[in-house]
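Worksheet: the structure to be examined is printed underneath.
Number of protein chains: 2
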Amino acid sequence: MSTTDVCLDKLENYISAARSRYEKELKELVDIAGVSMDPERKPQIEATAKYAKSLLEAHGAKAEILPTRGNPVVVGEYFADKKYPTVAVYNHLDVQPADPDKWKSPPFDMKIEADRYLGRGTTDDKGPALAVLYGAKFASENKFPINIKFIWELEEEIGSPSFEEFLKKNIDRLRCDSVVISDTVWISKDKPAMPYGLRGLQACMIRLKTGGKNVHSGEVGGLARNPIADLCDLIAKCHDARTGEVKIPGFYDGMKKATDEELDSFVASGFSLAHYRQAHELNLLRTEDDREGADRIWTRPTFEVHGITGGYQGPGVKTIVPFEAEAKVSMRLVPDQDPLHVLDCLKKFVKEILPEAEIEAEGALKPFVSHYKDDYSQAGAEACRLTFGVEPAFIREGGSIGAVVSMKEALDVPMVFLGLSLPEHGYHAINENFDWGQAEGGMKLFSHYFKLLSEIKK
Amino acid sequence: MSTTDVCLDKLENYISAARSRYEKELKELVDIAGVSMDPERKPQIEATAKYAKSLLEAHGAKAEILPTRGNPVVVGEYFADKKYPTVAVYNHLDVQPADPDKWKSPPFDMKIEADRYLGRGTTDDKGPALAVLYGAKFASENKFPINIKFIWELEEEIGSPSFEEFLKKNIDRLRCDSVVISDTVWISKDKPAMPYGLRGLQACMIRLKTGGKNVHSGEVGGLARNPIADLCDLIAKCHDARTGEVKIPGFYDGMKKATDEELDSFVASGFSLAHYRQAHELNLLRTEDDREGADRIWTRPTFEVHGITGGYQGPGVKTIVPFEAEAKVSMRLVPDQDPLHVLDCLKKFVKEILPEAEIEAEGALKPFVSHYKDDYSQAGAEACRLTFGVEPAFIREGGSIGAVVSMKEALDVPMVFLGLSLPEHGYHAINENFDWGQAEGGMKLFSHYFKLLSEIKK
Numbered sequence: 019m020s021t022t023d024v025c026l027d028k029l030e031n032y033i034s035a036a037r038s039r040y041e042k043e044l045k046e047l048v049d050i051a052g053v054s055m056d057p058e059r060k061p062q063i064e065a066t067a068k069y070a071k072s073l074l075e076a077h078g079a080k081a082e083i084l085p086t087r088g089n090p091v092v093v094g095e096y097f098a099d100k101k102y103p104t105v106a107v108y109n110h111l112d113v114q115p116a117d118p119d120k121w122k123s124p125p126f127d128m129k130i131e132a133d134r135y136l137g138r139g140t141t142d143d144k145g146p147a148l149a150v151l152y153g154a155k156f157a158s159e160n161k162f163p164i165n166i167k168f169i170w171e172l173e174e175e176i177g178s179p180s181f182e183e184f185l186k187k188n189i190d191r192l193r194c195d196s197v198v199i200s201d202t203v204w205i206s207k208d209k210p211a212m213p214y215g216l217r218g219l220q221a222c223m224i225r226l227k228t229g230g231k232n233v234h235s236g237e238v239g240g241l242a243r244n245p246i247a248d249l250c251d252l253i254a255k256c257h258d259a260r261t262g263e264v265k266i267p268g269f270y271d272g273m274k275k276a277t278d279e280e281l282d283s284f285v286a287s288g289f290s291l292a293h294y295r296q297a298h299e300l301n302l303l304r305t306e307d308d309r310e311g312a313d314r315i316w317t318r319p320t321f322e323v324h325g326i327t328g329g330y331q332g333p334g335v336k337t338i339v340p341f342e343a344e345a346k347v348s349m350r351l352v353p354d355q356d357p358l359h360v361l362d363c364l365k366k367f368v369k370e371i372l373p374e375a376e377i378e379a380e381g382a383l384k385p386f387v388s389h390y391k392d393d394y395s396q397a398g399a400e401a402c403r404l405t406f407g408v409e410p411a412f413i414r415e416g417g418s419i420g421a422v423v424s425m426k427e428a429l430d431v432p433m434v435f436l437g438l439s440l441p442e443h444g445y446h447a448i449n450e451n452f453d454w455g456q457a458e459g460g461m462k463l464f465s466h467y468f469k470l471l472s473e474i475k476k
Numbered sequence: 019m020s021t022t023d024v025c026l027d028k029l030e031n032y033i034s035a036a037r038s039r040y041e042k043e044l045k046e047l048v049d050i051a052g053v054s055m056d057p058e059r060k061p062q063i064e065a066t067a068k069y070a071k072s073l074l075e076a077h078g079a080k081a082e083i084l085p086t087r088g089n090p091v092v093v094g095e096y097f098a099d100k101k102y103p104t105v106a107v108y109n110h111l112d113v114q115p116a117d118p119d120k121w122k123s124p125p126f127d128m129k130i131e132a133d134r135y136l137g138r139g140t141t142d143d144k145g146p147a148l149a150v151l152y153g154a155k156f157a158s159e160n161k162f163p164i165n166i167k168f169i170w171e172l173e174e175e176i177g178s179p180s181f182e183e184f185l186k187k188n189i190d191r192l193r194c195d196s197v198v199i200s201d202t203v204w205i206s207k208d209k210p211a212m213p214y215g216l217r218g219l220q221a222c223m224i225r226l227k228t229g230g231k232n233v234h235s236g237e238v239g240g241l242a243r244n245p246i247a248d249l250c251d252l253i254a255k256c257h258d259a260r261t262g263e264v265k266i267p268g269f270y271d272g273m274k275k276a277t278d279e280e281l282d283s284f285v286a287s288g289f290s291l292a293h294y295r296q297a298h299e300l301n302l303l304r305t306e307d308d309r310e311g312a313d314r315i316w317t318r319p320t321f322e323v324h325g326i327t328g329g330y331q332g333p334g335v336k337t338i339v340p341f342e343a344e345a346k347v348s349m350r351l352v353p354d355q356d357p358l359h360v361l362d363c364l365k366k367f368v369k370e371i372l373p374e375a376e377i378e379a380e381g382a383l384k385p386f387v388s389h390y391k392d393d394y395s396q397a398g399a400e401a402c403r404l405t406f407g408v409e410p411a412f413i414r415e416g417g418s419i420g421a422v423v424s425m426k427e428a429l430d431v432p433m434v435f436l437g438l439s440l441p442e443h444g445y446h447a448i449n450e451n452f453d454w455g456q457a458e459g460g461m462k463l464f465s466h467y468f469k470l471l472s473e474i475k476k
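Protein chains in written order, with our numbering: chain A, 19 to 476; chain B, 19 to 476.
Rendered as structure tokens:
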């Protein structure tokens, strides 16, 4: 029998007492607009690091800001004894951009509406990071026989370009017996998910310049090449917009299809297009079949266009022939596709179809897949049962967390995903939010998890 | 022998004396940002009309602002005697939008740099309108036996949606023996052009909405339809971006190819891709052949995409699946394509390829073609010879002036094009400009032209 049981009352009291402080700290954290994608927000990234360090210290952990060639990483630790097992918790504190005009409340001025927290970063990933900290503090205060390290990154949203180097440089202080990542999304409010795989990513910008200025289409239309039309043609040739099928030769090299067992398990997890459609406000999907839907987001690669800049963006139609355009594209990848190979295939294809275009590669992230039958994953599942009274779903995750592959390679220990976000929390979307129910659940979940981990024989 | 000769000295003196006043008035006119495409600039449109009326009156013409259901039209007249012939001069005083960030000087604060006037509307079409007025004033002051009417429109840049109705309502006061339009571009600084045809236009916005908000591509990528990708596919299917060939069934119905005589004449006009490429700052053209080049811009129809809105437009790559996108497209048309038929073909095609998309049609303009061997065109050519010492090139114009077809239909008189703009003046482009050389030449050209018209037997 787990010794966790003895602490249950104490845990409930601890959490009830923690709420107002949690909310105050979350607001202070969310109100610092640490958008890693925006070079002008560098000061807010620095401020986030400082605040995070003080937060760890205020909760009794040791903490330090470690520089990298990019944004710093904040590390911390509750150290108990070197004879105990050590777990490293990974979260990130940088956030996506947010256009205030489109939000119902200011994205960087967190509002509390009853149990709900509104603001950029509340669910991705500040709210979960803080919930984990509270769980870890409980473990520390109650002298669970475990050491808990914190790795709080500030470049996750730009593909963790400095993280691999950071790991190499600091490998000795980061050694641990397992890693737990809290940056993923549940199936639904009633069904926790424990992903055991992530899609990879290769993003890039494809640019075409055909002249020096926008010109009147009455004067040059028909004769001048149109860079937007050329990029549309290229995008249409790279993939089938209706089916999503990628047509770049070599793109699928190395790809392993999901097994029937996995697909069965995805459907059994309770994944349903009806709920999914509603949570993400989607009208047009590429399939109406739950099984195929799950396959599409978790175990198939994509070609995606995120925006085309250039030309006229104002009201009405301004009849110009644009002189430059940029397509922002990315490809989500699944095991064992290789981002470098995929980028190479794209470059070759573009060279053939539209040789005048230039490609600028953005961060590459390898796909990741593990298994879920080991002791660490099973400890996570048991913590879910103890906390929420339900079995978690073992699924894959359609997003990418660049740091995970780097940690797996550098630390070579089991990696467990215990996220706290819900589909309706609006990951990367407007009106991002988190809620007390998930924060409270997260504190409990991690308290249980740390206890269970402490009982795994090294 | 033309009686024009007697006035030559007087004309030179008149023009020399006119320069500072011309520049003052042009600046006052350019500084009023009458952008017809922007609903927020309605007050500036009204201010332009008021200023234009006062300008005509200050130069001794009668003037009136005539309302329409859209923007008003300013009309004026130098009346001599009803036994004399009457010419109506058409110009427009509304302008294209201008993004100040991209201009080297503020677009709505005209700067004079030596002989050059920098500002939005200087060449399209305020500078020419004012030069014509000065020519007409000379004709009036010197008692040329001709009546000169002015039609100054304020909706040309949005396809003249109220102009046909305006003509019908005011047909009696607008009657004339010919119309001269000054809103076209020369071949080069040394080669005046007298177009005898215009391309038509059918513009529209194609919109697709696939959801309620932008969503993280890690969460929905592969499953959610991507509206930008769908529009790219549609655009690629509507036309061949490389060759420009339009693939919409029925699009070319009624189209008359340019005759060999016309194409010979285009090349003989001095049209050269080398000069054209430089004037418009173009690197990538769809042909390197002068003859084909002229054909492409003057006598072939187009499908053009002016911009795709939606998705992420900021720096870097933000991995969202957009939920809505809009393609701003237009089709330039040549005789005898019918805008309504072409729109119908596009709608049918879109319904087949992308049934979820919505099409909103913008102004439709019929193509126009006339001839150039009549007395009025020949008077224009003689005025060119007298003023500039060169033969004008009879070409077609690749742009569209909606009012021309309406005037032809309502007034049923010869239509002559005597533009004053040069390719390097940047029609619809950044850093639009005009220059004293063309203004001065225009004053002379129109003085001669009015004199020659007065001698044509009714």
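C-beta atoms are modelled at their ideal positions from N, C-alpha and C, and glycine is treated no differently.
Keep in mind it's a predicted model, so treat the numbers as computed, not measured.
- With contacts defined by Cβ atoms closer than 8 Å, A/Ile413 and A/Ser206 do not form a contacting pair.
- When DSSP states are grouped into helix, strand and coil, B/Ser465 belongs to the helix group.
- Residues of chain A with a Cβ closer than 9 Å to the Cβ of B/Lys161 do not exist; the shortest Cβ-Cβ separation is about 38 Å.
- If you check the CB distance, B/Gly215 and B/Val387 come in under 8 Å.
- For A/Thr141, the nearest beta carbon of chain B is not closer than 8 Å to its own beta carbon.
- Contact check for B/Thr202 and B/Leu44: beta-carbon distance about 19 Å, past the 8 Å limit, so the pair fails to qualify.
- Going by DSSP, B/Asp308 is part of the alpha helix (DSSP H) stretching over 308-312.
- Taking the Cα positions, B/Lys101 is about 14 Å away from B/Lys161.
- DSSP places A/Glu131 in the uninterrupted beta strand (DSSP E) bounded by 129-131.
- In the three-state scheme derived from DSSP, where H, G and I count as helix and E and B as strand, A/Trp316 is classed as helix.
- For the stretch 192-204 of chain B, the set of residues with a beta-carbon nearer than 9 Å to any beta-carbon of chain A comprises Val203, in chain order.
- Residues of the stretch 220-238 of chain B that bring their beta carbon within less than 8 Å of a beta carbon in chain A comprise Ala221, Cys222, Met223, Lys227, Thr228, Gly229, Gly230, Lys231, Asn232, Val233, His234, Ser235, Gly236, Glu237, Val238, in sequence order.
- Contact annotation for A/Tyr330 against chain B: His324, Gly325, Lys346 [CB-CB distance below 8 Å, chain order].
- Per DSSP, A/Arg243 has no beta-bridge partner at all.
- In this structure, B/Val107 places its C-beta atom within 8 Å of the C-beta atom of B/Val198.
- By the criterion of a C-beta distance shorter than 7 Å, A/Ile63 is surrounded in its chain by Gly52, Ser54, Asn89, Asp112, Leu172, once the five residues flanking it on both sides are discounted.
- Between B/His443 and B/Phe452 a beta carbon distance of about 6 Å is seen, short of the 8 Å cut, so the two are scored as contacting.
- Annotation: Cβ neighbours of B/Ser418 in chain A (cutoff 9 Å, chain order): Gly236, Thr337.
- Annotation for B/Lys167: no alpha helix (DSSP H) segment contains it, though the beta strand (DSSP E) segment containing it runs 165-171.
- Buried is the label assigned to A/Ala242, since at least 16 other Cβ atoms lie within 10 Å of its Cβ.
- Three or more beta-carbon pairs separated by less than 8 Å are not found between the stretch 356-365 of chain B and the stretch 346-360 of chain A, which leaves the two stretches without contact.
- Chain A places no beta carbon closer than 8 Å to that of B/Ala211, leaving this residue out of the contacts.
- In the DSSP assignment, B/Tyr108 forms a beta bridge with B/Ile169, B/Ile199.
- Within 8 Å of the CB of A/Glu450, no CB atom of chain B is found; the nearest one sits about 10 Å away.
- Distance from the CA of B/Cys194 to the CA of B/Thr320, rounded to the nearest whole angstrom, comes to 34 Å.
- For the 8 Å CB-CB criterion, A/Phe168 and A/Gly78 do not form a contact.
- B/Ala382 is bridged by DSSP to B/Gln220.
- DSSP assignment within the stretch 218-302 of chain A yields the following whole alpha helix (DSSP H) runs of 4 residues or more, N-terminal first: 235-238, 245-256, 278-286, 291-297.
- Look at B/Phe406 here: in three-state DSSP terms it is helix.
- The alpha carbon of B/Ala116 has as its nearest neighbour, out of B/Gly268, B/Gly398, B/Leu136, B/Asp99, the alpha carbon of B/Leu136.
- Any Cβ of chain B closer than 8 Å to the Cβ of A/Ile63 would place that residue at the interface, and such an atom is absent.
- In the structure shown, A/Thr140 adopts helical secondary structure according to DSSP, grouped into three states.
- Counting only residues of its own chain and dropping the five nearest sequence neighbours on each side, B/Phe464 has a CB closer than 6 Å to the CB of Val150, Gly153.
- Distance between A/Val408 and A/Asp251, taken at the CA atoms: about 49 Å.
- For A/Thr66, the enclosing alpha helix (DSSP H) has its first and last residue at 60-76.
- Using a Cβ-Cβ distance cut-off of 8 Å, the stretch 255-265 of chain B and the stretch 382-397 of chain B are not in contact, since fewer than three pairs of beta carbons, one from each stretch, lie closer than that value.
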